[in-house]
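Residue numbers (my numbering): 1312 to 1791.
Here a beta-carbon is modelled for each residue, glycine too, at the ideal position from N, C-alpha and C.
Nothing here was measured: the structure is a model prediction, and the numbers come from that model.
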Amino acid sequence: MSKFNNRPTNLTTNREGMPAFAMKDRAKLVTQVLTSFFNEQKFYGDNSAEMELTIRKVIQQDADFVSRLAVFARREFNMRSVSHVLTAYLAHEPEGKPFVRKTVQGIVRRGDDVTELMAFYLSTFGKPIPNALRKGICDAFVTFDEYTLAKYKGAGKAVRMKDIVLLCHPKPADEAQAALWKRLLEDRLETPLTWETELSAKGNNKQTWKELIDSGKVGYMALLRNLRNIIQVAPTNINKVWKTIGDEDAVRKSRQLPFRFLSAYKEISPVAGSKALDALEDAVRFAAGNLPRLPGRTVIAVDTSGSMSSTMSRKSSVRCCEVGMMLGLIATRICEDSLFYTFDDKIEKFPLTRHTAILETCMRYASAGGGTRMSLPFEVMIRDGIRADRIIIISDNECNRYRWGDNKAFVQNYADEYRRQSGIDLWVHAIDLMGYGTQQFAGSRTNIIAGWSEKVLNFILLAEQGAGTLEETIARYEWQ
């Protein structure tokens, strides 16, 4: 009897009713979490309710994993809202309670993490507030100084900073902290110097922005969001902005998701000069600078079908196909040799190099339309006799067509056919951008990854070296 060489039996259908493989609960949760801002529409609808069901299941099976996933998502992939959701569910489910306090400590990276977490818990579960959640929030709250309390006081929000004091009853470390919290409750905190308060007080003009830029109080994300505004008022020290945006250390400390740079690029392109655009291209290049190099030849195939046309959130102009294009172009930077394709129900090869401008190329070529024929990269590789060590497929994994007359096949069949005809035991790395809960590949030398961060590319070489998959990395994730 064969022990290892068996075909997977976890067969199902995807959102298009086409054959797919069902995912185990932990793997499914990873893809859902790392591809969601929560309560946001996707092409096939908002899958937040489905994610919440998966969260409950995995907490019952392995609450420790959910705790690690929450902190991993927050710290490594910079996913805020979904880390609050995971932590709230840990606090509500009996199996999760022992992990709550440490999880809160792991996910709180700025002041409004505690108010957002509490707001989600109360709106979803109501009172009473579990002691573990209360204690975890108190642990974080006592570390906040006056600037943090004032900056994130949350006026007009469902849960404000002062509500945290009233709901959680933190104990002040000394009389000075007690006096600080009293001023918070009485709305007497000193107004913090932030770009929002300065613009409100002094107006959106050249002098105000000059002072803000010189002050160093405008964070990296705030600069990205305000680039068009800054260009249009034209402060005399604007070159400091381009220096910051394109600074290697500043880029890595900012921990931006790559598509944030594309969002800024799209916003400023009509009014920006070359300095601004070059700074953003430099930023993307530095974001990919620490990724491990991939030896040999890599085929990169990006899905640009119609289902990749949805934007990343209600507030974003960046589409899923553009995120996929960005990740694919970043991947070309780390490959010893690569071939780059886009596909829908047809396929196109792009003559790219490691020096191709990422943002400009995304703006020019990332379009979405047509069906999803994920078999096409393998068909072309077989037809053209392309020999490769691996293929990276970046997609929402919602196939809806194959070669004419072959609509009941799995994409996996085409990968196997390539291996058979070429004699190469090809690695298949499938990067899921939408987390709908099914996969198109299974079996040996198959690596399922998910997420919008360039860090997903770390898990290609790790898997090939046997050092661990994304799911395995999360399972052993530690933090201080």
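Between serine 1378 and threonine 1414, the C-beta spacing is below 7 Å.
Only buried fits leucine 1538, as 16 or more other CB atoms lie within 10 angstroms of its CB. Contact between lysine 1468 and threonine 1426 holds, with the beta-carbon distance rounding to 7 Å and staying under 8 Å. Asparagine 1758 carries a strand assignment under DSSP once its states are collapsed to helix, strand and coil. Taking C-alpha positions only, leucine 1397 is separated from glutamine 1567 by approximately 21 Å. Counting the other Cβ atoms within 10 Å of the Cβ of aspartate 1456 gives fewer than 16, which makes it exposed. Here the segment 1772-1781 lies against the segment 1747-1763, with 3 or more beta-carbon pairs under 8 Å apart. Just measuring C-alpha positions, the residue of Arg1412, Leu1322, Asn1769 sitting nearest glutamate 1387 is Asn1769. Per the C-alpha coordinates, the member of Tyr1747, Gly1635, Trp1790 positioned closest to methionine 1362 is Tyr1747. Residue ranges of uninterrupted alpha helix (DSSP H) with 4 or more members, entirely inside the segment 1364-1433 and ordered along the chain, are 1392-1403, 1411-1418.
With respect to arginine 1608, aspartate 1736 sits apart: the two C-beta atoms are not nearer than 7 Å. Contact between proline 1688 and isoleucine 1658 holds: their C-beta atoms lie close to 7 Å from each other, under 8 Å.
If only complete runs of 4 or more residues are kept, the segment 1691-1752 shows the alpha helix (DSSP H) at 1722-1733, in order along the chain.
The beta carbon of tyrosine 1788 sits closer than 6 Å to those of Arg1379, Phe1383, all from its chain and outside the five residues before and after it, given in chain order.
Of all C-beta pairs linking the segment 1584-1601 to the segment 1548-1566, three or more are shorter than 8 Å, placing the two stretches in contact. Residue state for isoleucine 1611 is assigned as strand, using DSSP reduced to three classes.
By the Cβ-count criterion, proline 1330 is buried, with 16 or more other Cβ atoms from all chains shown falling within 10 Å of its own Cβ. Leucine 1772 is positioned such that its CB atom lies no closer than 7 Å to that of proline 1569. Only exposed fits lysine 1564, as fewer than 16 other CB atoms lie within 10 angstroms of its CB.
In the three-state reduction of the DSSP assignment, tyrosine 1788 falls in the coil class.
In chain order, His1403 place their CB closer than 6 Å to the CB of phenylalanine 1436, counting only its own chain and leaving out the 5 sequence neighbours on each side.
Per DSSP, the unbroken beta strand (DSSP E) holding isoleucine 1658 starts and ends at 1658-1661.
When secondary structure is reduced to three states using DSSP, tyrosine 1531 falls in the helix class. When beta bridges are read from the DSSP output, aspartate 1648 appears opposite Arg1608. A distance of 7 Å or more separates the beta carbons of lysine 1521 and leucine 1495. In this chain, the alpha helix (DSSP H) harbouring threonine 1342 covers 1336-1344.
For threonine 1323, the three-state secondary structure derived from DSSP is strand.
Each of Gln1518, Gln1723, Thr1346, His1395 was checked against the Cα of arginine 1421, and the nearest Cα belongs to His1395. Considering only Gln1732, Thr1505, Gln1518, the residue with the shortest C-alpha distance to tyrosine 1531 is Thr1505.
Where phenylalanine 1332 is concerned, the enclosing beta strand (DSSP E) starts and stops at 1330-1333.
Between the alpha carbons of phenylalanine 1651 and alanine 1612 lies a gap of roughly 6 Å. Bounds of any alpha helix (DSSP H) do not take in asparagine 1515, whose DSSP letter is neither H nor E. Methionine 1636 and glutamine 1416 have their alpha carbons spaced roughly 35 Å apart. Counting the other CB atoms within 10 Å of its CB gives glycine 1680 a total below 16, which places it among the exposed residues. Separation of alanine 1487 and leucine 1500 (C-alpha to C-alpha, rounded to the nearest whole angstrom) is 13 Å. Residue pairing of threonine 1653 in beta bridges, as defined by DSSP: Val1613, Glu1659.
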